[in-house]
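Protein chains in written order, with my numbering: chain A, 1 to 140; chain B, 1001 to 1458.
Positions of the beta carbon are idealized from the N, C-alpha and C atoms, including for glycine.
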Amino acid sequence: MKRASAQYPFAAIVSIVVASLLCLWGSFESYDLKSTYQQQHSDPYLANQFARFEPLLSAVPERAELGYLTDTRPGSPAGPAMLLSAQYVLAPRLLEKGTQQEWVLGNFTRPADFTALGQSYGLRLQQDFGNGVVLFGKDH
Amino acid sequence: MSPIWMLEAILLGCLLVCRFTDLPGIRPMWARLFLIFGAGAAGGVGLTSCLFFLVGVLLGAPIAAMALELALVAWAGYEVFRRRTPVFQPDEGARLPLLFPLAAVILLLALGLAAMTAWTASEANPQGNWDAWAIWNLRAKFLASGAGLAQRAWSPVLAATTHPEYPLLLSSFVGRCWAFGHSFATSVPAATSFVFFLALIALAAGGVAALRGPALGFLIALALASTPRLLHEVSAQYADVPLACFFVGALVFALLDRHALAGVFAGFAAWTKDEGLLFLLLFLVATAVFKRRVALVTLAGALPIGAVAIFFKVVLSRGNASLLSASLPGAVHRIAIAGRYIKIIAAFGHEALAMAPGWYHPILPLIVLAAVLRFDRERRRDAAFCGVILGALLLGYFGIFILTANDLDWQLQTSLSRLLVQVWPALVLTAFIALRPPVATATVQPAPAPKARKKARR
Chain A
1 MKRASAQYPF AAIVSIVVAS LLCLWGSFES YDLKSTYQQQ HSDPYLANQF
51 ARFEPLLSAV PERAELGYLT DTRPGSPAGP AMLLSAQYVL APRLLEKGTQ
101 QEWVLGNFTR PADFTALGQS YGLRLQQDFG NGVVLFGKDH
Chain B
1001 MSPIWMLEAI LLGCLLVCRF TDLPGIRPMW ARLFLIFGAG AAGGVGLTSC
1051 LFFLVGVLLG APIAAMALEL ALVAWAGYEV FRRRTPVFQP DEGARLPLLF
1101 PLAAVILLLA LGLAAMTAWT ASEANPQGNW DAWAIWNLRA KFLASGAGLA
1151 QRAWSPVLAA TTHPEYPLLL SSFVGRCWAF GHSFATSVPA ATSFVFFLAL
1201 IALAAGGVAA LRGPALGFLI ALALASTPRL LHEVSAQYAD VPLACFFVGA
1251 LVFALLDRHA LAGVFAGFAA WTKDEGLLFL LLFLVATAVF KRRVALVTLA
1301 GALPIGAVAI FFKVVLSRGN ASLLSASLPG AVHRIAIAGR YIKIIAAFGH
1351 EALAMAPGWY HPILPLIVLA AVLRFDRERR RDAAFCGVIL GALLLGYFGI
1401 FILTANDLDW QLQTSLSRLL VQVWPALVLT AFIALRPPVA TATVQPAPAP
1451 KARKKARR
């Protein structure tokens, strides 16, 4: 039998116990922090986007590259959030800002005369899916 | 079905670690199992990510990637079975004191709380935080779509709003699970993040237990499992926790003299994030300086995965400017602004202090242990090896903040806390490696030999 019994010095035992209890305190703090954070930051970007773009998914093939038109002010924080959340939901379809593509996604925050808006960009309204989601086509 | 493919990757990793490394020789046994799980889980994710990217995406044959993986699992499983050793080999050395079951219970409690935290967060935010869906999971969706659509993951069109130039380990792995499972299950990125968290803890605990004894092994596991900022990033589903895991893995295996495996982990870091490329470079330089004899072995380990990362950056995504190259115009002017240095130093200090809410700070357990156990002079070289790499890495991050053309306040606010999370576990590892193990100061009383016992009875 080669085993030996090791007696740790009292100070070492105390330090191990204190360090362990401190870690446990940290675990509870982490849980508290995360619970509070989730209550304050619960999915602010994507919550409604899957439902908004659902009808568009069946209308546009996966291979499509779509232009992108929006009414958010240039430089406003809402602009990138709306574009990226639309891109995430619609992937693998690719969105590119501008109206050069055969199809153009309209992603709007307010109701408007989308037919007239499209015409001002040389686009024809193909379908209004509601909730500010509009599909335009090139007006040949 | 998608999460099953995650388990298959972990199984493949563990089998390959058992087959190709001599980790089974490590004592104590629980440290060995921790290291096999940690290396197997993180390595399995990394390896299958690379295989899917090379075969499934670049060659356009995801079925071939799947078949190759399954063949590897079957072969590695057979090899491990064929070379199996007795399952239980009792550890020699000091008997574990009563303190250890207590520490194990506290560790389980901490891990349980971490799991609950991650679960609550993924219920509230199934797609993860901003960068998760805007970068990592978005690109995973492209990679999973195949049929010529995968290339969109690094399309310059995305450069206007996201980062198509970032390396693809995480996205490729999530995309692989989605492609093989034919569903975009949100459980895959969430579980992947948690697996990396567990692998990080397992690697650190196993490594420290093997090098500095079981008491410190348990304590580093506890210290990491209870770090609030680290746990916050786990549920974010970003690539920072995987990167932290690969940093720790590379350092642990370098200290355990498993240099090829250390190189492989440094290579995985490069395939995870741009910061990993800097880590790979620093790791190879530090190895050449501190461990010259094994520099070539480490380089050989790092080369295959590092080459995939460099090929991606140089060839595939070359049209997309990285943060560094976008920062070069006007950099000379920004370098000369003293106020930027002060602001960045203040932000580093603030973030380091704000790693937890309230009165708790993850450095507190370390201070308690260091005050009583003190540091071990014999481990100075190991600590210096890790410290030099991590110090240079932090200096590199500091330099990027100095150079960046983006708004400095915004850049600091959105990235500094995550950069510290990448490095924090490796810094904790360095401190634990330098500590004197409690048993070093213990009174060890050898158990009497059988003959002596008999005499004593008479």
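Tell me whether residue i is buried or exposed, calling it buried when 16 or more other Cβ atoms sit within 10 Å of its Cβ.
{"i": "B/Trp1133", "result": "buried"}
{"i": "B/Lys1455", "result": "Confidence in B/Lys1455 is poor, its pLDDT being 48 and thus under 50, which makes the residue's placement too unreliable to answer from."}
{"i": "B/Arg985", "result": "Missing from the structure shown is residue 985 of chain B; chain B here goes from 1001 to 1458 and no further."}
{"i": "B/Asp1022", "result": "exposed"}
{"i": "B/Pro1362", "result": "buried"}
{"i": "A/Gln100", "result": "exposed"}
{"i": "B/His1350", "result": "exposed"}
{"i": "B/His1333", "result": "exposed"}
{"i": "B/Leu1296", "result": "exposed"}
{"i": "A/Glu102", "result": "exposed"}
{"i": "B/His1259", "result": "buried"}
{"i": "B/Leu1233", "result": "The sequence shown places Glu at residue 1233 of chain B, rather than the Leu named in the question. Buried, by the Cβ-count rule."}
{"i": "A/Gln40", "result": "exposed"}
{"i": "B/Trp1271", "result": "buried"}
{"i": "B/Glu1069", "result": "buried"}
{"i": "B/Thr1117", "result": "buried"}
{"i": "B/Tyr1078", "result": "exposed"}
{"i": "B/Trp1154", "result": "buried"}
{"i": "A/Ala12", "result": "buried"}
{"i": "A/Phe10", "result": "exposed"}
{"i": "B/Phe1246", "result": "buried"}
{"i": "B/Phe1081", "result": "exposed"}
{"i": "B/Glu1275", "result": "buried"}
{"i": "B/Gln1151", "result": "exposed"}
{"i": "B/Trp1130", "result": "buried"}
Alpha carbon to alpha carbon, how far is residue i from residue j?
{"i": "B/Ile1400", "j": "B/Trp1136", "result": "22 Å"}
{"i": "B/Phe1385", "j": "A/Tyr88", "result": "42 Å"}
{"i": "B/Leu1282", "j": "B/Ala1383", "result": "15 Å"}
{"i": "B/Phe1290", "j": "B/Arg1176", "result": "38 Å"}
{"i": "B/Leu1231", "j": "B/Leu1107", "result": "15 Å"}
{"i": "B/Val1439", "j": "B/Pro1228", "result": "30 Å"}
{"i": "A/Ala112", "j": "A/Glu62", "result": "28 Å"}
{"i": "A/Phe53", "j": "B/Arg1027", "result": "55 Å"}
{"i": "B/Leu1033", "j": "B/Gly1206", "result": "8 Å"}
{"i": "B/Leu1099", "j": "B/Leu1251", "result": "28 Å"}
{"i": "B/Pro1164", "j": "B/Ala1321", "result": "9 Å"}
{"i": "B/Pro1437", "j": "B/Leu1373", "result": "7 Å"}
{"i": "B/Gly1093", "j": "B/Met1029", "result": "Since pLDDT at B/Gly1093 reaches only 49, below the 50 mark, its modelled position is unreliable, and no value is offered."}
{"i": "B/Gly1128", "j": "B/Ile1063", "result": "28 Å"}
{"i": "B/Leu1111", "j": "B/Glu1123", "result": "18 Å"}
{"i": "A/Gln49", "j": "A/Met82", "result": "9 Å"}
{"i": "A/Gln126", "j": "A/Phe136", "result": "5 Å"}
{"i": "B/Phe1265", "j": "B/Gly1301", "result": "8 Å"}
{"i": "A/Tyr45", "j": "A/Ser85", "result": "7 Å"}
{"i": "B/Ala1140", "j": "B/Gly1146", "result": "11 Å"}
{"i": "B/Ile1310", "j": "B/Phe1268", "result": "12 Å"}
{"i": "B/Thr1186", "j": "B/Pro1126", "result": "6 Å"}
{"i": "A/Arg110", "j": "A/Val133", "result": "10 Å"}
{"i": "B/Ala1370", "j": "B/Gly1038", "result": "26 Å"}
{"i": "B/Gly1263", "j": "A/Arg93", "result": "38 Å"}
{"i": "A/Thr73", "j": "B/Pro1189", "result": "The sequence shown places Arg at residue 73 of chain A, rather than the Thr named in the question. Roughly 33 Å separates the two Cα atoms."}
{"i": "B/Leu1419", "j": "B/Val1241", "result": "10 Å"}
{"i": "B/Ala1338", "j": "B/Ala1354", "result": "24 Å"}
{"i": "B/Leu1200", "j": "B/Gly1249", "result": "7 Å"}
{"i": "B/Ala1009", "j": "B/Gly1044", "result": "5 Å"}
Using the DSSP secondary-structure output, state which residues sit across from residue i in a beta bridge.
{"i": "A/Lys138", "result": "A/Leu123"}
{"i": "B/Phe1375", "result": "B/Leu1435"}
Next item on the list: Go through the region 59-136 of chain A residue by residue and report every complete run of the beta strand (DSSP E) that reaches 3 residues or more, in order.
Entry: 65-70, 94-97, 103-107 and 123-130, all fully within the region 59-136 of chain A.
Notebook entry, point to check: Along the chain, which unbroken stretches of the alpha helix (DSSP H) at least 4 residues long are found entirely within the region 1227-1310 of chain B?
Noted result: You should have 1228-1236, 1240-1255, 1259-1270 and 1274-1290.
Notebook entry, point to check: Relative to chain A, which residues along the region 1096-1117 of chain B have a C-beta separation below 8 Å, given in chain order?
Noted result: Cβ contacts with chain A: Pro1097, Leu1099, Leu1102, Ala1103, Ile1106, Leu1109, Ala1110, Leu1113, Ala1114, Met1116 and Thr1117.
Check: Which residue spans inside the region 1058-1122 of chain B form an unbroken alpha helix (DSSP H) run of at least 4?
Finding: The region 1058-1122 of chain B contains these whole alpha helix (DSSP H) runs: 1062-1082.
Margin query: Give me the subset of the region 1247-1261 of chain B whose CB atoms are less than 7 Å from a CB atom of chain A, sorted by chain position.
Written below: Cβ contacts with chain A: none found.
Next item on the list: Can you give me, in chain order, the residues of the region 7-20 of chain A that have a beta carbon less than 8 Å from any beta carbon in chain B?
Entry: Listed by position, the residues of the region 7-20 of chain A near chain B (Cβ gap below 8 Å) are Gln7, Tyr8, Pro9, Ala11, Ala12, Ile13, Val14, Ser15, Ile16, Val17, Val18, Ala19 and Ser20.
Notebook entry, point to check: Name the residues in the region 96-112 of chain A whose C-beta lies less than 9 Å from a C-beta of chain B; which are they?
Noted result: Taking 9 Å as the Cβ-Cβ cut-off against chain B, the residues of the region 96-112 of chain A that qualify are Glu96 and Lys97.
Notebook entry, point to check: Which ranges does the alpha helix (DSSP H) cover as unbroken runs of at least 4 residues, wholly within the region 1140-1209 of chain B, from first to last along the chain?
Noted result: Taking only runs of at least 4 residues, the alpha helix (DSSP H) segments lying wholly in the region 1140-1209 of chain B are 1169-1181.
Checklist line | Residues, ordered as in the chain, of the region 59-89 of chain A that lie near chain B by beta-carbon distance below 7 Å | finding: If the cut-off is 7 Å between Cβ atoms, the region 59-89 of chain A has Glu62, Arg63, Pro80, Leu83, Leu84, Gln87 and Tyr88 near chain B.
Margin query: Short of 7 Å Cβ to Cβ, which residues in the region 1355-1369 of chain B face chain A?
Written below: Going along the region 1355-1369 of chain B in chain order, one finds Ala1356, Pro1357, Gly1358, Tyr1360, Pro1362, Leu1364, Pro1365, Val1368 and Leu1369 with a Cβ nearer than 7 Å to chain A.
Notebook entry, point to check: Quick one, which residues of the region 1223-1238 of chain B are near chain A if we go by CB-CB under 8 Å, in chain order?
Noted result: Within the region 1223-1238 of chain B, those residues whose Cβ lies closer than 8 Å to any Cβ of chain A are, in chain order, Ala1223, Ala1225, Ser1226, Thr1227, Pro1228, Leu1231, His1232 and Ser1235.
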